[in-house]
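J.:
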Amino acid sequence: MKQDLIRRITGYVRMDTQSDENSETCPSTPGQLELGRKLVEELQEIGMQEVTIDDNGYVMATLPANTDKEVPVIGFLAHLDTATDFTGKNVNPQLIDAYDGNDIVLNKEQKIILSAKDFPELANYKGHTLITTDGTTLLGADNKAGIAEIMTAMDYLLNHPEIKHGKIRVAFTPDEEIGRGPHRFDVEAFGAKYAYTVDGGPLGELEYESFNAAAAKIVFKGKNVHPGTAKNKMVNSAKIAMEFNGLLPIEEAPEHTDGYDGFYHLSSVQGDVEETTLSYIIRDFDRTRFEARKANMERIAKDLQAKYGEERVQLTLRDQYYNMREKIEPVKFIVDIAGEAMKSLDIEPHIVPIRGGTDGSQLSYMGLPTPNIFTGGENYHGRYEYVSVDHMVLATQVIIGIIERFEQREA
Numbered sequence: 000m001k002q003d004l005i006r007r008i009t010g011y012v013r014m015d016t017q018s019d020e021n022s023e024t025c026p027s028t029p030g031q032l033e034l035g036r037k038l039v040e041e042l043q044e045i046g047m048q049e050v051t052i053d054d055n056g057y058v059m060a061t062l063p064a065n066t067d068k069e070v071p072v073i074g075f076l077a078h079l080d081t082a083t084d085f086t087g088k089n090v091n092p093q094l095i096d097a098y099d100g101n102d103i104v105l106n107k108e109q110k111i112i113l114s115a116k117d118f119p120e121l122a123n124y125k126g127h128t129l130i131t132t133d134g135t136t137l138l139g140a141d142n143k144a145g146i147a148e149i150m151t152a153m154d155y156l157l158n159h160p161e162i163k164h165g166k167i168r169v170a171f172t173p174d175e176e177i178g179r180g181p182h183r184f185d186v187e188a189f190g191a192k193y194a195y196t197v198d199g200g201p202l203g204e205l206e207y208e209s210f211n212a213a214a215a216k217i218v219f220k221g222k223n224v225h226p227g228t229a230k231n232k233m234v235n236s237a238k239i240a241m242e243f244n245g246l247l248p249i250e251e252a253p254e255h256t257d258g259y260d261g262f263y264h265l266s267s268v269q270g271d272v273e274e275t276t277l278s279y280i281i282r283d284f285d286r287t288r289f290e291a292r293k294a295n296m297e298r299i300a301k302d303l304q305a306k307y308g309e310e311r312v313q314l315t316l317r318d319q320y321y322n323m324r325e326k327i328e329p330v331k332f333i334v335d336i337a338g339e340a341m342k343s344l345d346i347e348p349h350i351v352p353i354r355g356g357t358d359g360s361q362l363s364y365m366g367l368p369t370p371n372i373f374t375g376g377e378n379y380h381g382r383y384e385y386v387s388v389d390h391m392v393l394a395t396q397v398i399i400g401i402i403e404r405f406e407q408r409e410a
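In numbering that gives the first Met the number 0, the protein residues as written are 0 to 410.
(1) I'd like the span of the beta strand (DSSP E) that includes THR432, first residue to last.
(2) For PHE219, count the other beta carbons within 10 Å of its own beta carbon; 16 or more makes it buried, fewer makes it exposed. Which is it?
(3) Going straight from the alpha carbon of GLU41 to that of SER236, what length do you get?
(4) Taking the alpha helix (DSSP H) that GLN109 belongs to, which residues open and close that run?
(5) Could you tell me which whole beta strand (DSSP E) segments of length 3 or greater appear in the region 77–154?
(6) Go through its chain and collect everything with a Cβ distance to GLY381's Cβ below 7 Å, but skip five positions before and after it.
(7) Are the beta-carbon atoms belonging to GLN319 and ALA213 less than 8 Å from one another?
(8) So, for LEU314: in the same chain, excluding its five sequence neighbours on each side, which residues have a beta-carbon less than 7 Å away from its beta-carbon?
(9) Which residues in the same chain have their Cβ closer than 6 Å to the Cβ of PRO368, if we skip the five residues on either side of it in sequence?
(10) Quick one: Cα of GLU403 to Cα of ILE333, how far?
(11) With a CB to CB cut of under 7 Å and the five nearest residues on each side skipped, what residues in its chain are close to GLY126?
(12) In the DSSP assignment, find the beta strand (DSSP E) that holds LEU246 and state where it starts and stops.
(13) DSSP on GLY376, reduced to helix/strand/coil?
(14) Could you pull the DSSP bridge partners for ASP271 from this structure?
(15) Does the region 4–12 come into contact with the region 139–154, if we say contact requires no fewer than three beta-carbon pairs (one atom in each stretch) closer than 8 Å?
(16) Name the two residues that bound the continuous beta strand (DSSP E) containing ILE217.
(17) Taking the alpha carbon of ARG354 as the reference point, which residue from LEU105, GLY261, PHE118 and PRO201 has its own alpha carbon closest?
(18) When the Cα atoms are used, what is the spatial distance from ASP54 to SER27?
(19) Look up GLU406 in the DSSP assignment and say whether it is helix, strand or coil.
(20) Along the alpha helix (DSSP H) that carries ARG13, what are the first and last residues, could you check?
(21) Check whether the Cβ atoms of ASP283 and PHE210 sit closer than 8 Å, and answer yes or no.
(22) Quick one: what's ARG317 bridged to in DSSP?
(23) Give the DSSP-derived three-state secondary structure of VAL330 in the structure shown.
(24) On the three-state DSSP scale, how would you describe ASN463?
(25) What do you get for GLY227, buried or exposed, if any count of 16 or more other CB atoms within 10 angstroms of its CB means buried?
(26) Can you give me the Cβ contacts of ASP133 inside the same chain, cut-off strictly under 7 Å, excluding the 5 residues immediately before and after it?
(27) Just mark GLN269 as buried or exposed, buried being the case when its beta carbon has 16 or more other beta carbons within 10 Å.
(28) Considering only their Cβ atoms, is the gap separating ALA340 from VAL397 smaller than 8 Å?
(29) Could you pull out every residue in the same chain whose Cβ sits closer than 6 Å to the Cβ of ILE399, ignoring the five residues on either side in sequence?
(30) Considering only C-alpha positions, which residue in the set PHE171, ASP3, SER267 and ASP389 is nearest to THR51?
(31) Determine the direct distance from the alpha carbon of THR24 to that of ASP3, and round the result to whole angstroms.
(32) With DSSP as the reference, label ILE399 as helix, strand or coil.
(33) Is there contact here, the region 338–352 with the region 199–206, by at least three beta-carbon pairs under 8 Å?
(34) With DSSP as the reference, identify every bridge partner of ALA194, one or two as the case may be.
(35) Determine the burial state of ASP358: buried for a count of at least 16 other Cβ atoms within 10 Å of its Cβ, exposed for fewer.
(36) For PRO370, which residues from the same chain have a beta carbon less than 8 Å from its beta carbon, with the 5 sequence-adjacent residues on both sides left out?
Right, dumping it as structure tokens:
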């Protein structure tokens, strides 16, 4: 199983599948479609049935039931794309056997070090087989570790028919990292009653709460005049943008928050005197506070419109997804089943709120309750990303354990 996981993930991450939020196509980048087609071939090779890929890049497949019991159809999902935060082009995965607990030199020429001091959680992986980057790209374990684990679990079950199970559906989705994963996902065609995303981080993560999420874009219009003759004429859009950002609470930002704290995150600034655009994401677990954050942005925009003119400040707000807890709590036994599967492997479930979102955040509101389980990865979305293959093995075994427990569960 370990070698299968290594072979799969190192192959997947070499394919550039970074999504593009500025694209209007689905998938947003052609590399995702290429990976999807590769996965279709692999699913067929291992013996999965009803293997499909549509024009939007959604891959689906079936592991038929091998039990006479009536068992609900359950699904497992992972996403094809990698994050937009850091390049995913020319990924060169590094395999480290029996990690010794010391600093890892990712790139000797560029002096890029995965430091045990800066990343103390590395101490948890002494003796493990790790896969890292070469320091110049992200790794893409988010979420190609999840793809590899689902694929390996299905392969294992197909080769071990003595393990009884109901019908299993798997899906690999595009554009999760830009919030569009479920937008064209056909829940009815997928046909599962419950599902799990395999898109978490370190060992034991089990999540069924996510942020409420919105995106904000503010365009500031200025008037450029030669600086030498600008008095009472120039309007500097960049300065209005700075004023807007300064009116947001400075402590309510990602770098100052954790746990159940929400935040405003300025993710992009583009501009000059004539026009400046600020892009934010807004996050909060509590729906009331979430709505208050959006209202606060609207109030600030209106105040600046009153000060500089309505045409100078244009705010666009767009909800992205909501906290899936509301939809999962009525069927919380699906979380408990995942926890039981972990405990049977001596893994202590670590139930934490997702300080982010998964496809499950939207799928749960589309009628498919979908909590999230760990993959074994750390430091997603950057050059210091790595994954423990030992914990990938355990994630694969958790998937199998969940499937077994659904078959054994009394109706």
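Ideal Cβ placement from N, Cα and C applies to all residues, glycine included.
Fair warning: this is a prediction, and the values are worked out from it, not measured in the lab.
T.: So, to answer that:
(1) Because residue 432 is not part of the residues shown, which for the chain are 0 to 410, the question remains open.
(2) Classification for PHE219: buried.
(3) One C-alpha to the other measures close to 52 Å.
(4) Following the DSSP letters along the chain, one finds GLN109 in no alpha helix (DSSP H), marked with neither H nor E.
(5) As far as the region 77–154 is concerned, its whole beta strand (DSSP E) runs of at least 3 residues are 93–95, 103–106, 111–113 and 129–131.
(6) For GLY381, where only same-chain residues beyond five positions count, the Cβ hits under 7 Å are ASP84, PHE85 and LEU137.
(7) In this structure, the beta-carbon distance from GLN319 to ALA213 falls below 8 Å.
(8) Only ALA215, ILE217, MET296, GLU297 and ALA300 meet the Cβ criterion.
(9) Closer than 6 Å at the Cβ level, and outside the excluded window around PRO368, lie TYR193, LYS326, ILE327 and VAL330.
(10) Going from the Cα of GLU403 to the Cα of ILE333 covers about 13 Å.
(11) Excluding sequence neighbours, GLY126 sits near ALA97 and TYR98.
(12) Per DSSP, LEU246 belongs to no beta strand (DSSP E) and is neither H nor E.
(13) Under the three-state reduction of DSSP, GLY376 is assigned to strand.
(14) BP columns for ASP271 are empty, so no partner.
(15) Yes, the region 4–12 touches the region 139–154.
(16) Here the beta strand (DSSP E) through ILE217 covers 211–220.
(17) Closest by C-alpha distance to ARG354, out of LEU105, GLY261, PHE118 and PRO201, is GLY261.
(18) If you take the alpha carbons of ASP54 and SER27, they lie about 12 Å apart.
(19) Here DSSP, grouped into helix, strand and coil, assigns GLU406 to helix.
(20) Segment: none, ARG13 is in no alpha helix (DSSP H) and carries neither H nor E.
(21) Going by C-beta atoms, ASP283 is nearer than 8 Å to PHE210.
(22) According to DSSP, which records beta bridges pairwise, ARG317 is partnered with ALA214.
(23) Three-state DSSP puts VAL330 in a helix.
(24) For residue 463 there is no data in the structure shown, the boundaries of the chain being 0 and 410.
(25) Counting Cβ neighbours within 10 Å, GLY227 comes out exposed, since fewer than 16 surround it.
(26) The beta carbon of ASP133 sits closer than 7 Å to the beta carbons of ASN91, GLN93, LEU105 and ASN106 from its chain, once the five residues preceding and following it are set aside; these are given in chain order.
(27) Counting Cβ neighbours within 10 Å, GLN269 comes out exposed, since fewer than 16 surround it.
(28) The criterion of a C-beta distance shorter than 8 Å is satisfied by VAL397 and ALA340.
(29) Once the five neighbours on either side are set aside, the close Cβ partners of ILE399 are ALA152.
(30) Checking every option, the nearest Cα to that of THR51 belongs to PHE171.
(31) Spanning the alpha carbons of ASP3 and THR24 requires a straight line of approximately 33 Å.
(32) In this structure, ILE399 counts as helix in the three-state DSSP scheme.
(33) Touching, per the Cβ criterion.
(34) Its beta-bridge partners are GLY74.
(35) Per the 10 Å Cβ criterion, buried.
(36) Counting only Cβ-Cβ distances below 8 Å, and skipping sequence neighbours, we find TYR195, THR196, LEU205, GLU206, TYR207, MET323, ILE327, ILE333, VAL334, ALA337 and GLY359.
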